[in-house]
Amino acid sequence: MGEGVLQARGVTRTYRAGEVEIRALRGVDVAFEQGEFAVLLGPSGSGKSTLLNILGGLDSPSSGEVRYRDHLLSGADEAALTRYRREHVGFVFQFYNLVPSLTARENVALVTDIAEHPMSPDEALERVGLSERADHFPSQLSGGEQQRVALARALAKRPELLLCDEPTGALDVATGRRVLEALARAHGELGTTVVVITHNQAISQMADRVLTFGDGRVVSESRNRFPVPPSEIHW
Amino acid sequence: MRALDRKLLRDAARLVGPAVALSAILACGVMSLVALRGTARSLERSRDDFYARTRFSDLAAGVVRAPLRVAHEAAALPGVAGVEPRLSTWAPVELEGVGDPLRLQVSSLPARQDLLVLLEGAMPGRGELLLGEGFARAHRLHRGDVLHVLLGGQRRAYTVSGVATAPDAVYVLAPASPWPDDRRAGVLWLARDELEGPLDLGGAFNDLRVALAPGASGPEVSRQLERVLRPYGGVGVRPRSEQLSPRFVDEELRQLDVQARFVPAIFLAVAAFLLRDVMARLLGTQRETVALLKALGYGRAALTRHYLLLAWGMVLPGAVVGTGLGAVLVRGLLSLYRQYFRFDRLVPDVSAAHVGLAVGVAWAAALAGAWHAVSSATAVPPAEAMQPAPPPAYGRGLTRLPDRLAWLTPGGRMVMRTLLRRPLRTGLSVLGLALAGALLALAGVAWDAMDQVIVRTFQEAAREDVSVTFLETRGREALDELASLPGAWRVEGQRAVPVRLRGPRDDWSGPVVARQAGGRLRRVLDAGGREAPPPPEGGLVLTDALAAKLGVAVGERVQVEREDGDRRVQDVPVVGLSHEPLALGVLAAERTARALFGGEQYTGALLRVDAAREPELLAALARTPRVAGVAVRRAGLAAFRRMMADSVRVTRTVLSLFASVLAAGVVYNDGRVALAEQARELATLRVLGFTRREVAQLFLGGLGARVLASLVPGWWLGWLFATWLMRAIGSSELFRLPLVAEPRTWLFGTAVVATASALTALLLATRVRRLDLVAVLKARE
Chain S
71 MGEGVLQARG VTRTYRAGEV EIRALRGVDV AFEQGEFAVL LGPSGSGKST LLNILGGLDS
131 PSSGEVRYRD HLLSGADEAA LTRYRREHVG FVFQFYNLVP SLTARENVAL VTDIAEHPMS
191 PDEALERVGL SERADHFPSQ LSGGEQQRVA LARALAKRPE LLLCDEPTGA LDVATGRRVL
251 EALARAHGEL GTTVVVITHN QAISQMADRV LTFGDGRVVS ESRNRFPVPP SEIHW
Chain H
1119 MRALDRKLLR DAARLVGPAV ALSAILACGV MSLVALRGTA RSLERSRDDF YARTRFSDLA
1179 AGVVRAPLRV AHEAAALPGV AGVEPRLSTW APVELEGVGD PLRLQVSSLP ARQDLLVLLE
1239 GAMPGRGELL LGEGFARAHR LHRGDVLHVL LGGQRRAYTV SGVATAPDAV YVLAPASPWP
1299 DDRRAGVLWL ARDELEGPLD LGGAFNDLRV ALAPGASGPE VSRQLERVLR PYGGVGVRPR
1359 SEQLSPRFVD EELRQLDVQA RFVPAIFLAV AAFLLRDVMA RLLGTQRETV ALLKALGYGR
1419 AALTRHYLLL AWGMVLPGAV VGTGLGAVLV RGLLSLYRQY FRFDRLVPDV SAAHVGLAVG
1479 VAWAAALAGA WHAVSSATAV PPAEAMQPAP PPAYGRGLTR LPDRLAWLTP GGRMVMRTLL
1539 RRPLRTGLSV LGLALAGALL ALAGVAWDAM DQVIVRTFQE AAREDVSVTF LETRGREALD
1599 ELASLPGAWR VEGQRAVPVR LRGPRDDWSG PVVARQAGGR LRRVLDAGGR EAPPPPEGGL
1659 VLTDALAAKL GVAVGERVQV EREDGDRRVQ DVPVVGLSHE PLALGVLAAE RTARALFGGE
1719 QYTGALLRVD AAREPELLAA LARTPRVAGV AVRRAGLAAF RRMMADSVRV TRTVLSLFAS
1779 VLAAGVVYND GRVALAEQAR ELATLRVLGF TRREVAQLFL GGLGARVLAS LVPGWWLGWL
1839 FATWLMRAIG SSELFRLPLV AEPRTWLFGT AVVATASALT ALLLATRVRR LDLVAVLKAR
1899 E
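Chains as they are written, first to last, in my numbering: chain S, 71 to 305; chain H, 1119 to 1899.
Shown next, in the form of structure tokens:
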């Protein structure tokens, strides 16, 4: 495995739930290269979300080392992780996590206000095809539109890393595809490293690389020589 | 235990925080209700019991000198149950080590011993006196101590035989002193034969107390009595309601009664609103549980009962604690009253009815608060309720307001829109905080009013150092005598003639005061506190409160009946109005007084004194027999400040505590609700890279906005309450408190509310810091 922008070595994560010890990650070694589009597949409880949270600085490993370029994330304090998220990472979640009291444009502005070299909120919304809906509140948008606002919010800071946890999980096929198209376009245009978690095998056709999780480890890894554009994916 | 009851207990355990906030507020309400009502009831009962045991007379009449057979004549009048002829005067008293002039009201011992209550020692024999409680306590005098009393020009030593109190000596005011001062004035009793000689009243009396027969008409008996006493220099018959001591007691009880209605109502209302909020939030999180229970077959009635029990369970600790603290506070308040009201005993009397009322009101508040939340939650059909609640809708109505504020950050918009989306709820929490501010403003306004009374009475209107009241009306020579005292720089005579004024609306009896023409030691003030010209000649100048009471205006005439001497009745025009904190009074120019009442006569004088020789002058005055009262302005001021400081300090401390509890409770509840509703948003912001501090700032900003929004309404409500309160208790016949508020009052209120809010908010901010990002994001609300 080559040197990447983001790497994890020997990462384990153990939770205590009452008397029970849950070992969510049992030693993961993985590295992501600049501009790569990776998909993490695997059943529920296989550890992929735990890894994504650790890679995104939302959680810390119990042991092992996580490194983003020359920053050591494992063992970093809360302030350093916040700075890492703020400067380098964009997130997209299954349930959008928009702020209901802010319009689409204002939700994006939340990020552009604190980022260093952001694009304008309008440009970000333009990239996901939502310019006309900029003044709508989340309660006035469909699920797919809300997820695209979330994507615009994640992209607006021009992140080096985009982490998506089941971005189409709550959407039907057609709207899911529009979200993936926006994601693919952003990846192509901005050169962002993208890591997507999904249950949906079909989505892995888009990826440069597919990592399959099982029981807290990476059980297999494959590369797509010819990634398929979202418009040609069916599920 | 049934499963549903078990759930009840677990839900309650999860609501400990809100329950504590709620209980604290409720406890304040219940405590104030129990304490104020309990104190009022205790005082009322103690008063009634004391008056009944000591057979407090219904009427009191003064005469110059009447032979004892006149008392028998009075006793034979229809409607009279019994009479008590007495000898009574004000006399100078000397006490070793005390330089101030002391004046005590000296009365002959009543024939029946049960007309007063012996607190310690024994009834006086020859060469002994019985001392009133206030004066005795102020100077720590007990049986065996010796006092010198100047009677009929002779200085005699008397040994204290005991300490007592009587129904007409519950609240003692010296002549020329508007406030009680136990150190300088009081009462004492001597055996009748000790007084007869010095007062030249052998076989006679100058003070008659009359008990009415059941069902007798007070005014009718008074008229008969006046007729009988007139030949003997009768100076009017006073019913109990016009006598100073009982009037002050009744006045205080009336004030207490108003407060007992006012303060608890605020707390109980806020508690009800908070409880509604807590229940609404709880049921919001239990939406699916409610649906599930309904699906399992629990009926609406069972669920309503279930949640109402929870609500009642939450108010119960507040009611219990409030009742307990209220009962304790009753004792505290009574011991405070005990210093001013000399009942023989003040028995704390917290009735079961008050506790029942407090708990009942608390439960009713809980019912009112929870009913709406519960009934709306249980009304949703199960299938609908099992679905997740729809996302909160924005983009309509008030939430559009911040759109135009271009300068507002997205965070600021979040805060504003969240507040504006539920305007009623936001409004109610702002109201709760405003009420906290208002409570403090209220206490402050009372303080400021007192302060203005002090300034007006003792600094602006009164310029004399010492005022003297003569034992009887005297001529010019009395002023010359005073002028010859050591250190007397200036002496201005004044005359007070007891009259009854009759106007179209009401009548009033009191003195017409005339000061020597050209006098400079007393000024008349107008409503703005500025110096008004001295009373014009040709009529009377009434205080505006008295004019309103009588129903007369400037230019109209009022009937004046002289209550001493010839009882002549005259119609006199009102030539002006004045405005004084001592509410009811009449002034006349000196020449007008001579025209109306005849002669150059004085009943007292105002003195300006060389400060260095004041002690010498006071010592000389103390030995002057024909003086009934000596009031030292500086001492009067100190006595007033002492009296007010006690009650204002207690009131202010208690109200500050209450207001803090109110503000903290409201902020805590708001914060918990906001945290529950916005946890996901706040966690999202953290994920997006907002620091803990930034997120905490946003959260605190929402709470701070409410506190900020409450300031002006709080001040306004405080002013409104103060206006009501002053209308209800501030203007009696004894006092009229002006409605004023100094900036420090508003600052103090704001500071207390802001501090209590800030501390509570910081407590909640630690919860924001501990938000579990991953858990919050994973959960679909």
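Glycine included, C-beta positions come from ideal geometry on N, C-alpha and C.
Predicted, not measured: the structure shown is a model, and the values here were computed from it.
For residue i, which residues in chain S fall below 8 Å Cβ to Cβ?
i	result
Leu1816 (chain H)	Per Cβ cutoff of 8 Å: no residues; Leu1816 (chain H) is ~10 Å from chain S at best.
Helix, strand or coil, according to DSSP, for residue i in the structure here?
i	result
Trp305 (chain S)	coil
Phe102 (chain S)	strand
Ala226 (chain S)	coil
His1697 (chain H)	coil
Leu1414 (chain H)	coil
His1424 (chain H)	helix
Tyr1720 (chain H)	strand
Leu200 (chain S)	coil
Ile267 (chain S)	strand
Val75 (chain S)	coil
Trp1525 (chain H)	coil
Glu1202 (chain H)	strand
Asn1324 (chain H)	strand
Arg206 (chain S)	It is worth fixing the name first, because residue 206 (chain S) is His in this sequence and not Arg. Coil, per DSSP.
Can you tell me which of the options puts its alpha carbon nearest to the alpha carbon of residue i?
i	options	result
Tyr166 (chain S)	S:Asn177, S:Gln77 and S:Arg156	S:Asn177
Val1479 (chain H)	H:Gly1243, H:Met1568 and H:Ala1389	H:Ala1389
Gln1815 (chain H)	H:Leu1882, H:Arg1581 and H:Arg1302	H:Leu1882
Gly1280 (chain H)	H:Arg1273, H:Ala1254, H:Leu1248 and H:Ala1303	H:Leu1248
Thr82 (chain S)	S:Gln210, S:Thr120, S:Ala108 and S:Ser114	S:Thr120
Arg1310 (chain H)	H:Thr1207, H:Ser1363 and H:Gly1336	H:Thr1207
Gly1646 (chain H)	H:Arg1261, H:Val1858, H:Ala1256 and H:Asp1395	H:Val1858
Ala108 (chain S)	S:His257, S:Ala94 and S:His304	S:His257
Thr1878 (chain H)	H:Arg1592, H:Tyr1786, H:Ala1420 and H:Ala1792	H:Tyr1786
Phe1576 (chain H)	H:Gly1271, H:Trp1297, H:Gly1820 and H:Arg1171	H:Trp1297
Leu1434 (chain H)	H:Ser1141, H:Val1766, H:Pro1136 and H:Leu1775	H:Ser1141
Leu1600 (chain H)	H:Leu1392, H:Glu1795, H:Ala1846 and H:Val1745	H:Val1745
Tell me the rounded alpha-carbon separation between residue i and residue j.
i	j	result
Asp242 (chain S)	Leu1401 (chain H)	32 Å
Leu1319 (chain H)	Arg1230 (chain H)	20 Å
Ala1580 (chain H)	Val1676 (chain H)	27 Å
Trp1833 (chain H)	Arg1155 (chain H)	27 Å
Phe1588 (chain H)	Leu1736 (chain H)	15 Å
Gly286 (chain S)	Gly239 (chain S)	21 Å
Val1901 (chain H)	Phe1839 (chain H)	Lying before the first or after the last residue shown, residue 1901 (chain H) is absent from chain H, which here runs from 1119 to 1899.
Pro1349 (chain H)	Gly1716 (chain H)	19 Å
Glu1590 (chain H)	Ala1596 (chain H)	11 Å
Leu1464 (chain H)	Glu1246 (chain H)	28 Å
Thr1422 (chain H)	Thr1496 (chain H)	7 Å
Gly1515 (chain H)	Arg1648 (chain H)	52 Å
Cβ closer than 7 Å: which chain S residues qualify as neighbours of residue i?
i	result
Val1805 (chain H)	Leu128, Arg155 and Phe161
Thr1802 (chain H)	Asn167 and Val169
Please list the partners that residue i has in chain H, where partner means a Cβ-to-Cβ separation under 9 Å.
i	result
Ala149 (chain S)	Thr1809 and Arg1810
Asp183 (chain S)	Thr1527, Pro1528 and Gly1529
Since I believe residue j is in contact with residue i (beta carbons under 8 Å), could you give me their beta-carbon distance rounded to a whole number of angstroms?
i	j	result
Arg1798 (chain H)	Trp1565 (chain H)	Not really, about 47 Å apart at Cβ, beyond 8 Å.
Ser1828 (chain H)	Ala1561 (chain H)	The pair is not a contact, with the Cβ atoms about 17 Å apart (cut-off 8 Å).
Ala1292 (chain H)	Asp1299 (chain H)	7 Å
Val219 (chain S)	Leu211 (chain S)	7 Å
Leu76 (chain S)	Tyr138 (chain S)	5 Å
Gly1250 (chain H)	Leu1161 (chain H)	Their Cβ separation, rounded to whole angstroms, is 19 Å, which puts Gly1250 (chain H) and Leu1161 (chain H) out of contact at 8 Å.
Gly1550 (chain H)	Leu1793 (chain H)	About 18 Å; that fails the 8 Å criterion.
For chain C, check one thing: does any of its Cβ atoms lie closer than 8 Å to the Cβ of residue i?
i	result
Glu1799 (chain H)	Here the protein chains are S and H, and chain C is not one of them.
Taking Cβ-Cβ distances shorter than 9 Å, what residues in chain S pair up with residue i?
i	result
Met1149 (chain H)	Going along chain S, no residue has its Cβ under 9 Å from Met1149 (chain H), so there is no contact; the nearest lies around 39 Å.
Starting from the beta carbon of residue i, find every residue of chain H whose beta carbon is closer than 7 Å, and list them in chain order.
i	result
Ala179 (chain S)	Pro1528
Glu176 (chain S)	Pro1528 and Arg1531
Asn270 (chain S)	Result: empty, since nearest Cβ-Cβ is about 18 Å, beyond 7 Å.
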